[in-house]
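In this note's numbering, the protein residues as written are 160 to 380.
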Ligand SMILES: *Cc1c(COP(=O)(O)O)cnc(C)c1O
C-alpha cells in the first residue's frame, strides 16, 4: 500500500470544502505516520482502547475523531484530547461528555449520529429522539459540549439508489436541525457521511466530511 499516493489521489478527487478523516482503526502506528508525514492530521478510530494507546505514542497535533459506539463509562479516557466525537447517540452520553469536558476545562465538539439506513443498525438517533434531546432542559444546561453537525452510515448495499436516498435523508435532517435549533450558530455546519465505498455518492448528497479507511490504508483483513 502506498498510503501517501492513496491520500493524494483521494484529496485531488474531493472538493476542498470536504474534510477527509483517515480511518486508521486496526492499522499500526507506522501507517498513520506515513499519512502524517504526507501532511494529514485528521484520523478516525472506533475503539477507546486503541485510540488512547495511539494518541499516547503518536504526534500531539493529530486531530483524533472518535467514530465508534462510545460507552458512557469510557468517555473519561478520551475527554482530555479527543478532537471530535462523531457518534453521539443519546442524551446520557452527551451529559457524560459534557461532564468530562468540564473536568478537563475544555469544550468537546460532537456530531449527533442518526440511524438513516434501511438495514438494522444498533446505534443512532431518530429525528424525534434528536428533537427531544435538543429541547431538553439538561441539554440547555451543558456548557462544555458543542454540537457541530450530524453523522450517519448508509446501508451496506450495491444499490446506489438506496445509498443516495439515505444520504439525502441525512442532509434533510441536518437542515431541519440547523433551522430549528442552530439557525444563528455558524458552528453547526458538518454532515459526516461517506466511506471508501460510497464517498462519491455522499459528496453529491451534501457531505462535508468523509471517513475513509480501506481506500487509504488497504483492507482490514
Ligand atoms: C470503519 C469505518 C469507516 C471507514 O470504512 P472504510 O470502508 O474502510 O472506508 C467509516 N466510518 C465508520 C463509522 C467506520 O467504523
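All residues carry an ideal CB built from backbone N, CA and C; glycine is no exception.
For residue 366, the CB stays at least 6 Å from every heavy atom of ligand 1. Residues lining ligand 1 by the Cβ criterion, that is a Cβ closer than 5 Å to any of its heavy atoms, are 182, 205, 226, 354, 355, 370, 371, 372 and 373 in chain order.
For residue 164, there is no enclosing beta strand (DSSP E); the residue is part of the alpha helix (DSSP H) that begins and ends at 162-172. Taking a 10 Å sphere around the C-beta of residue 257, we find 16 or more other C-beta atoms and assign the residue as buried.
With respect to the C-alpha of residue 245, the residue from 206, 188, 164 and 190 having the closest C-alpha is 206. Annotated three-state conformation of residue 228 is coil, per DSSP. Assigned with DSSP and collapsed to three states, residue 285 falls in coil, not helix or strand. Each of 212, 343, 354 and 302 was checked against the Cα of residue 326, and the nearest Cα belongs to 354. Looking at the DSSP output, residue 177 bridges to nothing. The distance from the Cβ of residue 268 to that of residue 216 is about 24 Å, inconsistent with a contact at the 8 Å cut-off. For residue 201, the three-state secondary structure derived from DSSP is strand. Straight through space, the alpha carbons of residue 318 and residue 333 are spaced by roughly 23 Å. Sequence-distant Cβ neighbours of residue 243 in its own chain, meaning closer than 6 Å and more than five residues away, are 224 and 268.
In terms of Cβ geometry, residue 235 and residue 208 do not form a close pair [threshold 7 Å].
Inside the stretch 321-378, DSSP marks whole beta strand (DSSP E) runs of 3 or more residues at positions 349-351 and 368-371, from first to last along the chain. Distances from the CA of residue 221 to each of 280, 368, 191 and 279 were compared; the closest alpha carbon is that of 191. In this structure, the straight-line span from the alpha carbon of residue 329 to that of residue 338 is close to 14 Å. Taking C-beta atoms as the reference points, residue 212 and residue 166 fail to come closer than 7 Å.
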